[in-house]
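Trainee: Sequence order for the protein chains is A and B. The opening position of the first sequence corresponds to residue 1 in full-length UniProt numbering, with each subsequent residue numbered one higher. The opening position of the second sequence corresponds to residue 1 in full-length UniProt numbering, with each subsequent residue numbered one higher. The beta carbon of each residue, even a glycine, is placed where N, CA and C say it ideally should be. On a predicted model such as this, the values are computed, not experimentally measured, just so you know.
Number of protein chains: 2
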Amino acid sequence: MSGVVRVLLADDEHLIRGALTALLSLEDDLVIVAEAATGPEALAMALAHRPDVAVLDLQMPGADGVKVATSLRTELPGCQALIVTSHGRPGHLKRALAAGVRGFVPKTVSAQRLAEIIRTVHAGNRYVDPELAADAIAAGDSPLTSREAEVLELAADGAPVTEIAERAALSPGTVRNYLSSAVSKLGAENRHAAVRLARERGWV
Amino acid sequence: MSGVVRVLLADDEHLIRGALTALLSLEDDLVIVAEAATGPEALAMALAHRPDVAVLDLQMPGADGVKVATSLRTELPGCQALIVTSHGRPGHLKRALAAGVRGFVPKTVSAQRLAEIIRTVHAGNRYVDPELAADAIAAGDSPLTSREAEVLELAADGAPVTEIAERAALSPGTVRNYLSSAVSKLGAENRHAAVRLARERGWV
DNA sequence: TCTCCGTTCTGACATTTGTCATACGGAGCG
DNA sequence: CGCTCCGTATGACAAATGTCAGAACGGAGA
């Protein structure tokens, strides 16, 4: 009923992009109308070629896949976004769904499978990789308050408390309080381990 | 003169693997004799099918590309290793060359280009991506002694000194000395920032 | 041989961090 | 209206960390 599906392919790895173009072109009902290697390029290409589905790599120079999807949502409604990722952390999935992304799959799927998922998404349905979904559910919601998360993020590069306090415009004592409570909420040994844990679960 | 080149393809991303198989098969003189999704699998496949060139992803479950290359060096000499990587840090290149790897390229190259490089490597020549080589040269050599690097690595996950001392079988005082000297050599604020710096430069 | 350097250790000290109690104002809720 | 939670802050104390000096041993090189 829907004829061909016009697809945009955005990935900074030429190897994947070229190869995927070749494989997806084998499918009669899919046609790659544009390719991009960076976030901004993907957006520009999408606006120029108006694809039905945008297949976006999560990690791209310029702007990541979710950011591109967010922009597409307003600037090109009717175009469904589908994120592919090499090694996805739970938080990304949540962020992606919040941005209106319709599909989220790891690069470990086969091209065959990806073709099917592109059709699924084009039909207006959602598709989230079960494994990634399970991870996201297992990770659960962040127990951190927004300030705690913010301060923890500033602590990520190993900066001392005084520097964090400056950058967050807080008193050093307050920063220590937030870090302390974040550390205890996460059950970590110290703030650096806490940063690592929060990163893994996608909470920062 | 050399007939066809027998190639092993190891990458945990099914998308890349399948697609690459398709594209490289278009080249008359290349034939994919085996595929693998993990390090150990790659090794087993190599021993079973005895390829001329092993194309190895740097990041794979089980054992990374360099480890596989190291094993291949002794267990299957005559098979040349070629590493492909998505986002490579300087240190990896050095490690790879030390392991006898003959080629090192980012996944941003085209399949066409990769085919040429496979031929180059098969002919006994080396190929290293100029950009990655430049990064590696810019990063320079590690100023850390082996113990300093070792201890710094154990500190990477935010473990307290006592735990590092246990794991390294050293006295806590010694660990603090090493960390202190590593921190000052790297010009970092503290050991956590030092870990970050050393990571960036590929020194751990 | 003699010296330098890396490894390992100890002890001492100052600084930073982690924890806790306590306090106050504001937002949301029953 | 009280209650609770969050954000913010201070002060105090204990623990961890960073820095320094010194010392012993062994190997590599001048």
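Are the beta-carbon atoms of ARG102(B) and GLY202(B) separated by less than 9 Å?
Mentor: no
Trainee: Nearest CA to the CA of residue 249(B): which residue from TYR178(B), ALA138(B), ALA136(B) and ASP135(B)?
Mentor: Here chain B comprises residues numbered 1 to 204, so residue 249(B) is not present and cannot be evaluated.
Trainee: Name the two residues that bound the continuous alpha helix (DSSP H) containing residue 208(A).
Mentor: The structure shown does not extend to residue 208(A), since chain A spans only 1 to 204, so no value can be given for it.
Trainee: Would the stretch 81-88 of chain A and the stretch 51-65 of chain A be scored as touching if the rule is three or more Cβ pairs under 8 Å?
Mentor: yes
Trainee: So what's GLU131(A) in DSSP terms, helix, strand or just coil?
Mentor: In the three-state reduction of the DSSP assignment, GLU131(A) falls in the helix class.
Trainee: Can you name the residues of chain A whose CB is closer than 7 Å to the CB of GLY158(B)?
Mentor: GLU189, ASN190, HIS192, ALA193 and ARG196
Trainee: Starting from PRO172(A), follow the alpha helix (DSSP H) in both directions and report where the run begins and ends.
Mentor: 172-186
Trainee: Out of LYS67(A), PRO172(A) and ALA22(A), point me to the one whose CA is closest to LEU43(A)'s CA.
Mentor: LYS67(A)
Trainee: Quick check on HIS14(A) - is its C-beta less than 9 Å from some C-beta in chain B?
Mentor: yes
Trainee: Just to confirm, are LEU15(B) and VAL109(A) a CB contact at a threshold of 9 Å?
Mentor: yes
Trainee: Would you mind listing the alpha helix (DSSP H) stretches within the UniProt domain "Response regulatory" (6-122) of chain B that are 4+ residues and don't spill past its ends, in chain order?
Mentor: Taking only runs of at least 4 residues, the alpha helix (DSSP H) segments lying wholly in the UniProt domain "Response regulatory" (6-122) of chain B are 14-25, 39-49, 65-75, 90-98 and 111-122.
Trainee: Counting only C-beta atoms, is LYS94(A) closer than 9 Å to chain B at any point?
Mentor: no
Trainee: Roughly how many angstroms separate the alpha carbons of ALA37(A) and ALA111(B), rounded to a whole number?
Mentor: 15 Å
Trainee: With distances taken from CA atoms, which of LEU93(A), GLN80(A) and PRO106(A) is nearest GLY124(A)?
Mentor: GLN80(A)
Trainee: Select from ALA98(A), GLY78(A), ALA48(A) and HIS49(A) the residue whose C-alpha is nearest the C-alpha of GLY65(A).
Mentor: ALA98(A)
Trainee: Who are the near neighbours of ARG199(B) in its chain, counting only those whose CB is closer than 8 Å to its CB and skipping five residues on each side?
Mentor: Excluding residues within five positions, the ones whose Cβ falls inside 8 Å are ARG89 and ALA156.
Trainee: Along chain B, in chain order, which residues have C-beta atoms closer than 9 Å to that of GLY88(A)?
Mentor: For GLY88(A), there are no neighbours in chain B by C-beta distance under 9 Å, as the nearest C-beta there is about 12 Å away.
Trainee: Please return the same chain residues whose Cβ sits closer than 8 Å to the Cβ of GLY39(A), not counting the five positions on each side in sequence.
Mentor: Excluding sequence neighbours, GLY39(A) sits near ALA10, MET60, PRO61, GLY62, ALA63, ASP64, GLY65, LYS67 and VAL68.
Trainee: So the candidates are LEU24(A), PRO51(A) and LEU20(A); which of them puts its Cα closest to the Cα of VAL33(A)?
Mentor: Looking at the Cα atoms, PRO51(A) is the closest of the given residues.
Trainee: Here's a check: name, in chain order, each residue in its chain whose Cβ is nearer than 8 Å to the Cβ of ARG167(B), leaving out the five neighbours to either side.
Mentor: LEU154 and ALA159
Trainee: If you draw a straight line from the C-alpha of ALA182(B) to the C-alpha of VAL151(B), how long is it?
Mentor: 9 Å
Trainee: Within 10 Å of its beta-carbon, does PRO106(A) have 16 or more other beta-carbons around it, so buried, or fewer, so exposed?
Mentor: buried
Trainee: Is LEU72(B) near VAL121(B), with beta carbons less than 9 Å apart?
Mentor: no
Trainee: Select from ALA115(B), PRO172(B) and MET45(B) the residue whose C-alpha is nearest the C-alpha of ASP29(B).
Mentor: ALA115(B)
Trainee: Tell me whether GLU131(B) is buried or exposed, calling it buried when 16 or more other Cβ atoms sit within 10 Å of its Cβ.
Mentor: exposed
Trainee: Answer with yes or no whether the minimum CB distance from THR145(A) to chain B is below 9 Å.
Mentor: no
Trainee: Judging by CA-CA distance, which residue of ASN190(B), LYS185(B) and HIS92(B) is the nearest neighbour of VAL161(A)?
Mentor: ASN190(B)
Trainee: Listing by chain order, which chain A residues have their CB less than 8 Å from the CB of LEU20(B)?
Mentor: LEU15 and ALA19
Trainee: Just to confirm, is the Cβ distance from LEU24(A) to LEU47(A) under 9 Å?
Mentor: no
Trainee: Please decide whether PRO106(A) counts as near chain B, where near means a Cβ-Cβ distance under 9 Å.
Mentor: Closer than 9 Å to the CB of PRO106(A) there is at least one CB belonging to chain B.
Trainee: According to the neighbour-count rule (16 or more other Cβ atoms, all chains shown, within 10 Å of its Cβ), is GLY187(B) buried or exposed?
Mentor: exposed
Trainee: Within 9 Å of any Cβ in chain B, is that where the Cβ of SER110(A) sits?
Mentor: yes
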